[in-house]
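Trainee:
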Amino acid sequence: QALFMNGTPSSGTCKTNREGFPKCMKEVKVWARRLERGSMRWARESNVLTLQWVDNRPVSLITSIDSANDKKDVERRTKTKGVFEKVTVSQPYAFHRYNQYMNAVDRSDQMLACHNVNRKCYRWWKTLFFHLIDMAIVNSFLLFQSHRNSDPGNPALHRKSTYSIVDFREEIIRQICGLAEYDRPPVNEQVQAVPPPDQFCTAHLPINAANGVRRNCVVCYAEGRGEKK
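Residues in the sequence shown are numbered consecutively from -9, following my numbering.
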């Protein structure tokens, strides 16, 4: 509202726990629990419009530019009976405009939200430290992609067509740790199974001597059992 009064129309996503967010729209998870994709609701306060739209998850947006009645059909992939297929979903035009014109800060936050190493810590500076590392990786990835596009003939910059920030992170980790390039996975040699010993197999069996003379057992004598009297 303050930006609009000072001649600066604005639009952007917002969390429901922000101060001044409409109270009737705070329970967004309860509202969107049983709604289909593409459902929306809105509330207006003076010149500021608050929109909530159900995509993969409910998204909240505050704008002083767009109208709640302007909509656009977009395609989304959804899983139906175990098969992914494209469906047409109604989207408020405010979300389409935001995705089209959002700047570097929003792009950076979007990339950071997908794959970040940030974890809850008791020390605030640890959270800041890991966030700065994530930001450095995102900025490095964007610069690397720009460098690749500017020099397509350099074989050292060749990567797969689906090269993403996840691949970039993994490549950095492998270089820092000094790991070798990917190779064929090792194949374990098949060890021939040894059959279990026969339970009736013994080291010796007593037999009757031909002349009827009793003698000491060689095996028992070797084990120190002594002579049988």
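Here a beta-carbon is modelled for each residue, glycine too, at the ideal position from N, C-alpha and C. Quick caveat: nothing in here was measured; it's all calculated off a predicted structure.
1. I'd like to know if the stretch 61 to 80 and the stretch -4 to 10 are in contact, where contact means that at least 3 CB-CB pairs between them fall below 8 Å.
2. How many angstroms separate the CA atom of Asp141 from the CA atom of Leu147?
3. Taking DSSP's pairing of strands, which residues face Ile52 in a bridge?
4. With a 10 Å radius around its C-beta and 16 neighbouring C-beta atoms as the bar for buried, classify Pro145 as buried or exposed.
5. What are the residues that DSSP puts in a beta bridge with Phe119?
6. Can you tell me whether Thr78 is buried or exposed? The criterion is at least 16 other CB atoms within 10 Å of its CB, across all chains shown.
7. Buried or exposed for Trp43, please, with buried defined as at least 16 other CB atoms from any protein chain shown within 10 angstroms of its CB.
8. Could you name the residues of the same chain whose beta carbon sits closer than 8 Å to that of Arg47, not counting the 5 residues immediately before and after it, in chain order?
9. Assign Gln81 to buried or exposed, taking buried as 16 or more other Cβ atoms, counted over all protein chains shown, within 10 Å of its Cβ.
10. Using the Cα positions of Leu(-7) and Gln165, report the straight-line distance between them to the nearest angstrom.
11. Which residues bound the beta strand (DSSP E) around Lys19?
12. Given a threshold of 16 other Cβ atoms within 10 Å of its Cβ, counted over all protein chains shown, does Arg133 qualify as buried or as exposed?
13. If we ignore side chains and look at the alpha-carbon of each, how far apart do Ile52 and Arg109 end up?
14. What residues match up with Asp63 in a beta bridge as DSSP calls it?
15. Is the Cβ-Cβ distance between Leu41 and Met30 less than 8 Å?
16. Arg31 bridges to which residues according to DSSP?
17. Could you give the first and the last residue of the continuous alpha helix (DSSP H) run that contains Met(-5)?
18. If we call anything under 8 Å between Cβ atoms a contact, is Ser50 one with Thr6?
Mentor: For this structure:
1. These segments do not touch.
2. If you draw a straight line from the Cα of Asp141 to the Cα of Leu147, it comes to about 8 Å.
3. Gly2, Thr40, per the DSSP bridge assignment.
4. With fewer than 16 other Cβ atoms within 10 Å, it is exposed.
5. Looking at the DSSP assignment, Phe119 forms no beta bridge with any residue, so it has no partner.
6. Its Cβ having fewer than 16 others within 10 Å, Thr78 is exposed.
7. That one is buried.
8. Once the five neighbours on either side are set aside, the close Cβ partners of Arg47 are Ala22.
9. Flag for Gln81 reads buried.
10. Their backbone Cα atoms lie some 47 Å apart in a straight line.
11. Element bounds for Lys19: not the beta strand (DSSP E) but the alpha helix (DSSP H), 18 to 22.
12. As written in the sequence, residue 133 is Leu, which differs from the Arg given in the question. Looking at its Cβ environment, which holds fewer than 16 other Cβ atoms inside 10 Å, Leu133 is exposed.
13. Looking at the two C-alpha atoms, the distance is approximately 28 Å.
14. According to DSSP, which records beta bridges pairwise, Asp63 is partnered with Ser80.
15. Against a cut-off of 8 Å, the Cβ pair of Met30 and Leu41 comes out as a contact.
16. Its beta-bridge partners are Gln42.
17. Segment -8 to -5, the alpha helix (DSSP H) holding Met(-5).
18. Against a cut-off of 8 Å, the Cβ pair of Thr6 and Ser50 comes out as a contact.
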